[in-house]
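Remarks on the structure that follows.
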Amino acid sequence: MQEVILNQWLAQERFLWNHFVAQEKPKKDLNQKFLSSYDLDCQLPFLKKEYQWIIVPSQPLQQISRFLELDLQAYKKNPKVHGFPKFKKKYFQEYKSIYFPQFSENWIADKTIQIPCLGRGKDKQIRLKKHRDMSGKLKTVSITKDVDRWYACCSCEIPDVCPLEFQLENAVGIDMGLKEFVVLSDASVIDNPHLLKKSQKKLSKAQHDSDRKKLGSKNRIKAKQQVARIHRKIRNKRKDFQHKETCSIAKAYDFVFTENLAVQNMMANHHLAKAIGDVSWSQFLLLLEYKLLQKGGQLLKIGKSDPSSQLCSRCNSRHPMPLSERTYTCPVCSLEMDRDLNAAINILQLGIRKYFGKDAVGTTDSINTCGDTQVVSMKQEATAFKRW
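The opening position of the sequence shown corresponds to residue 1369 in our numbering, with each subsequent residue numbered one higher.
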């Protein structure tokens, strides 16, 4: 019964979202001003009287107005990057979250969570498997449906950590790629797990079976759910992999330098779009950034125009080279080094100069004295990181 009510709430939120989008869409062509979230909220009491089957609590309903206002502002600011808000489809479960901006900590117990307006007494309580204990002050909770599973995501406010003082030995540069997922300036390598590629055969079969089913039928819905389960498994594997690797880097270093990658522009290359989506660089950097901030460290980015792959990390001379060449050879000082390792060292040096005004002299020599560094896997070579 609880799941039935939650599914009804999602359907009713999707209806209101589509109602507001249909109301605002004509203004796009007429170049008229869009309604604010306050104006949209003022319509909710009248809509609930007109459609008496809407039983969603007031807070999640008001959040629909907030989210739509943010989407409209993003569209107005840059229509080419952020398109106009789209209608949410029923059969593809495009509306998946119930958002509570105010939630009491007393409603979350060790094994249950209490959802307001879900019922009376014990009907409000849903069995819960806690991922971990919350730290900080609880601010918001969102109830999200993922195919056949429900998740409660809690956002907490925690006090700021005092930033650490910069030290060269606690800094590292990282170069992200497709062949090797991440190469660090200390010569460690994180291999690309190719999670999507390994599950591609199973995923393609499930997608083919789904396409053969009649649109709108129950068999089609079941087939789509099977495709979504495979995607969920791939997504969970990717998160698990990235959490482990970012945790290792954050434990070993306080300051991490990386490139400010234009991922959206790179995704325009249809030959590489699937591989870039599989590695999910943006998610990796987000996980790494918050873990560094928790200990007082920082994730710092160099500019997009900095030629990290073309500079010699020893003599700083510039030598352009095609992507097909995997070994960097400097014509000035005769340095030979793996292309990605050379880029990672350059990122470290450029980042230190940009943010701290210091020169990372000797960085290359401390890693590679002969120009023939042996690049080892992070998983195989535990001593590549300093542990404490």
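Just so it is clear, CB atoms sit at the ideal spot from N, CA and C, and this is done for glycine as well.
Whether residue 1511 touches residue 1374 by CB criterion (8 Å): yes
Per-residue burial, residue 1719 [other beta carbons within 10 Å of its own, 16 or more giving buried]: buried
- request: Give the range of the beta strand (DSSP E) segment to which residue 1544 is assigned.
  value: 1539-1544
field: Stretch-stretch touch, CB-based, cutoff 8 Å, three pairs: the segment 1558-1565 with the segment 1590-1609
entry: yes
- request: Just grab the DSSP bridge partners of residue 1465 for me.
  value: 1512
task: Throw me the rounded Cβ distance for the residue 1620 and residue 1660 pair, which I believe falls under 8 Å.
output: Going by Cβ atoms, the distance from residue 1620 to residue 1660 rounds to 11 Å, so no, they are not a contact pair.
Delimiting residues of the beta strand (DSSP E) encompassing residue 1549: 1548-1552
query: Cβ atoms of residue 1409 and residue 1430: under 8 Å apart, would you say?
result: yes
task: Using three-state DSSP, classify residue 1452 as helix, strand or coil.
output: coil
query: How would you call residue 1714, buried or exposed, if buried means at least 16 neighbouring beta carbons within 10 angstroms?
result: buried
message: Let me confirm a value: residue 1595 is counted as buried when at least 16 other C-beta atoms fall within 10 Å, else exposed. Which label applies?
response: buried
message: Taking 7 Å as the limit between beta carbons, can you name the residues of its chain near residue 1455, skipping five residues before and five after?
response: 1386 and 1389
- prompt: From what residue to what residue does the alpha helix (DSSP H) around residue 1641 run?
  reply: 1641-1647
Length of the line joining the Cα atoms of residue 1597 and residue 1610: 20 Å
Separation of residue 1591 from residue 1571, as counted between CA atoms: 11 Å
- request: Evaluate residue 1717 with the Cβ neighbour count: other Cβ atoms within 10 Å of its Cβ, from every protein chain shown; 16 or more gives buried, anything less gives exposed.
  value: buried
query: Using 8 Å as the Cβ pair cut-off and three pairs as the minimum, do the segment 1643-1663 and the segment 1538-1551 touch?
result: yes
- request: Taking residue 1554 as the reference, give the member of 1475, 1404, 1538 and 1586 with the closest Cα.
  value: 1538
message: Is there a Cβ of chain B sitting closer than 8 Å to that of residue 1408, yes or no?
response: Absent from the structure: chain B. Only one protein chain is present.
query: Roughly how many angstroms lie between the CA atoms of residue 1540 and residue 1514, to the nearest whole one?
result: 37 Å
field: C-alpha gap between residue 1474 and residue 1484, whole angstroms
entry: 12 Å
query: What does DSSP give as the partner residues of residue 1505 in its beta bridges?
result: 1525
- prompt: Cβ of residue 1465 within 8 Å of Cβ of residue 1437?
  reply: no
field: Rounded separation between residue 1503 and residue 1524 - CA only
entry: 7 Å
message: Which of the three DSSP states is assigned to residue 1595 in this structure?
response: helix
query: DSSP state of residue 1625, grouped into three classes?
result: strand
query: Taking buried to mean at least 16 other C-beta atoms within 10 Å of its own C-beta, is residue 1634 buried or exposed?
result: exposed
task: Can you tell me the Cβ-Cβ gap for residue 1493 and residue 1468, rounded? I've got them flagged as a contact below 8 Å.
output: Wrong, their Cβ atoms sit about 15 Å apart, outside the cutoff.
- request: Kindly indicate the opening and closing residues of the beta strand (DSSP E) around residue 1535.
  value: Element bounds for residue 1535: n/a, residue is neither H nor E.
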